[in-house]
Amino acid sequence: MARSSQPLAKDKQSQRFVDAARELGADEDEARFDSALKKVASAPPPKGAPKPEPKKKPAE
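The numbering of the sequence shown is numbering that gives the first Met the number 0, which starts it at 0 and goes up by one.
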C-alpha cells in the first residue's frame with residue numbers, strides 16, 4: 000500500500016513553521032512564555048477603548 004504524501008507535507012510545513020518562529024526569536028521556554036503572558040494579560044486597556052459589556056446568562 001502506497002503511503003500518502005499528505006503526512007509528509009504536514010511534517011514539512013510544521014518544520015517550516017518552527018524554523019520561521021526561531022528566526023523571529025520565539026522561545027520554547029515555558030517560564031518566559033508565562034512571563035510574557037502575564038505582561039499582556041495584566042496590561043490596562045487603552046484609553047478611549049469601549050468597556051466590554053457583561054456576559055448575559057442564557058435563558059433556561
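The beta carbon of each residue, even a glycine, is placed where N, CA and C say it ideally should be.
Please state whether DSSP places residue i in a helix, a strand or coil.
| i | result |
| --- | --- |
| GLU27 | coil |
| SER41 | coil |
| ALA8 | helix |
| GLU22 | helix |
| ALA35 | helix |
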